[in-house]
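Comments concern the structure below.
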Amino acid sequence: ATPTSIMVGTGRGAELGILFRRGEALQLLRDTRIVALDKTGTLTRGRPALTDLELAPGFDRGGVLALIAAVEARSEHPIARAIAAAAEGEGLALPPVSDFAAAVGLGVRARADGQWVEIGADRFMAQLGHDVSGFAAVAQRLGDEGKTPLYAAIGGRLAAIIAVADPIKDSTPAAIAALHAQGLKVAMITGDNRRTAEAIARRLGIDDVVAEVLPEGKVAAVRRLKAAHGTLAYVGDGINDAPALAEGDVGLAIGTGTDVAIEAADVVLMSGSLAGVPNAIALSRATIGNIR
Ligand code: ADP
Ligand code: MG
Numbered sequence: 488a489t490p491t492s493i494m495v496g497t498g499r500g501a502e503l504g505i506l507f508r509r510g511e512a513l514q515l516l517r518d519t520r521i522v523a524l525d526k527t528g529t530l531t532r533g534r535p536a537l538t539d540l541e542l543a544p545g546f547d548r549g550g551v552l553a554l555i556a557a558v559e560a561r562s563e564h565p566i567a568r569a570i571a572a573a574a575e576g577e578g579l580a581l582p583p584v585s586d587f588a589a590a591v592g593l594g595v596r597a598r599a600d601g602q603w604v605e606i607g608a609d610r611f612m613a614q615l616g617h618d619v620s621g622f623a624a625v626a627q628r629l630g631d632e633g634k635t636p637l638y639a640a641i642g643g644r645l646a647a648i649i650a651v652a653d654p655i656k657d658s659t660p661a662a663i664a665a666l667h668a669q670g671l672k673v674a675m676i677t678g679d680n681r682r683t684a685e686a687i688a689r690r691l692g693i694d695d696v697v698a699e700v701l702p703e704g705k706v707a708a709v710r711r712l713k714a715a716h717g718t719l720a721y722v723g724d725g726i727n728d729a730p731a732l733a734e735g736d737v738g739l740a741i742g743t744g745t746d747v748a749i750e751a752a753d754v755v756l757m758s759g760s761l762a763g764v765p766n767a768i769a770l771s772r773a774t775i776g777n778i779r
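Here it is in structure tokens:
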């Protein structure tokens, strides 16, 4: 790429709301073979809502919801906000909590009303020694509906299965279709439940799904996809995405995302829409010719 073509490309990008923080990104986008996307906040709105709550025998809805909302009030995860909003909507009073701890990518726990309250993924419950197999059929159904199943344990006993759902952004399906029309492979990398991720990927026609990864697992997944497919662009919005944004040949941050993601990215998409990804690739192809 010549300095002039890079200048023209980055200038045109700015008009389209695509900010290049590194000039080389234009060339690397031109060579891109696979686009790997974070799910929550990138493909989806990042604002899940509580959709389901099924109780184990001996527990009541208001009691369980108040306890888990009290614990989640200490977390900044979008799931925590969904649970807090549901409790607020039902006008529940939240007890004080102590000994809060978050297990990154797994769940949260704290003491409330004199007992341990634990909320999180099936993997978190397994670590804590709670058997969730009684809810297996419900969990499968929720996952197949594209909802995230979570479990709550209170006083050492499994109390409920909960689900949250995070709507796909309106702009996502067309952006995925545009990437496919450009001849690119599209992959999703997420810490979310496997069935949930696969249901969402199916709806969007995404080629490859890596699910249930911890934040450092996103980097390993990016490395693997690069080795298998070639030049890779990673798109994400969260603090968790910063290492993967750096590991991708090109990192694109959603402009409505966290500052940490924007700092780690080569390209910032000023709108919250994924349309910026195929637009950036089209721009790179238009401005950086075939001949280098
Ligand atoms: P991602 O942002 O890719 O969806 P995270 O690593 O943030 O993934 O979370 C992965 C999983 O960990 C969630 O789907 C959920 O099961 C569990 N989890 C994380 N934080 C919380 C929380 N505050 N409350 C309940 N579950 C949580
Ligand atoms: Mg995200």
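Terminal number for the sequence shown in full-length UniProt numbering: 779, no gaps in between. Glycine is no exception: its CB is placed at the ideal position from the N, C-alpha and C atoms. None of the values given here were measured: they were computed from a predicted structure.
Backbone CA spacing between residue i and residue j [nearest angstrom]
| i | j | result |
| --- | --- | --- |
| G692 | A590 | 32 Å |
| G735 | V522 | 9 Å |
| K656 | R532 | 5 Å |
| Y638 | A646 | 8 Å |
| T497 | F507 | 6 Å |
| F611 | R681 | 14 Å |
| L503 | P702 | 31 Å |
| F546 | E575 | 19 Å |
| S658 | P544 | 42 Å |
| G704 | R644 | 30 Å |
| residue 792 | V697 | Because residue 792 is not part of the residues shown, which for the chain are 488 to 779, the question remains open. |
| V700 | V709 | 12 Å |
| E685 | G633 | 8 Å |
Residue i Cβ short of 8 Å to the ligand ADP heavy atom set
| i | result |
| --- | --- |
| V747 | no |
| A624 | no |
| H716 | no |
| H667 | no |
| P702 | yes |
Range covered by the beta strand (DSSP E) that runs through residue i
| i | result |
| --- | --- |
| S492 | From DSSP, S492 is part of no beta strand (DSSP E) but of the alpha helix (DSSP H) over 490 to 502. |
| E605 | 602 to 607 |
Buried versus exposed, by CB contacts within 10 Å (16 or more), residue i
| i | result |
| --- | --- |
| G723 | buried |
| I778 | Confidence is the limiting factor: at I778 the pLDDT is only 46, short of 50, which leaves the residue's position unreliable and the question unanswerable from this model. |
| residue 780 | The requested residue 780 is not part of the displayed model; the chain covers only 488 to 779. |
| G744 | buried |
| G616 | exposed |
| P636 | buried |
| S771 | buried |
| T489 | exposed |
The alpha helix (DSSP H) enclosing residue i, as first and last residue numbers
| i | result |
| --- | --- |
| I726 | Taken as a continuous stretch (DSSP letters only), I726 belongs to no alpha helix (DSSP H), as it is neither H nor E. |
| R548 | 548 to 559 |
| K656 | Note, K656: premise wrong, no alpha helix (DSSP H); not H, not E. |
| A688 | 681 to 691 |
| G621 | Segment: none, G621 is in no alpha helix (DSSP H) and carries neither H nor E. |
| K713 | 702 to 716 |
| R568 | 565 to 576 |
Residue(s) in a DSSP beta bridge with residue i
| i | result |
| --- | --- |
| L513 | L513 is not bridged to any residue. |
| V651 | L537, T635 |
| Q614 | Q614 pairs with nothing; no bridge assigned. |
| K672 | I521 |
Distance cut-off 8 Å: residue i Cβ against heavy atoms of the ligand MG
| i | result |
| --- | --- |
| D525 | yes |
| T529 | yes |
| G735 | no |
| G738 | no |
| D539 | no |
| D724 | yes |
Proximity test, Cβ basis, 9 Å: residue i and chain C
| i | result |
| --- | --- |
| D600 | Here there is only one protein chain, and chain C is not present. |
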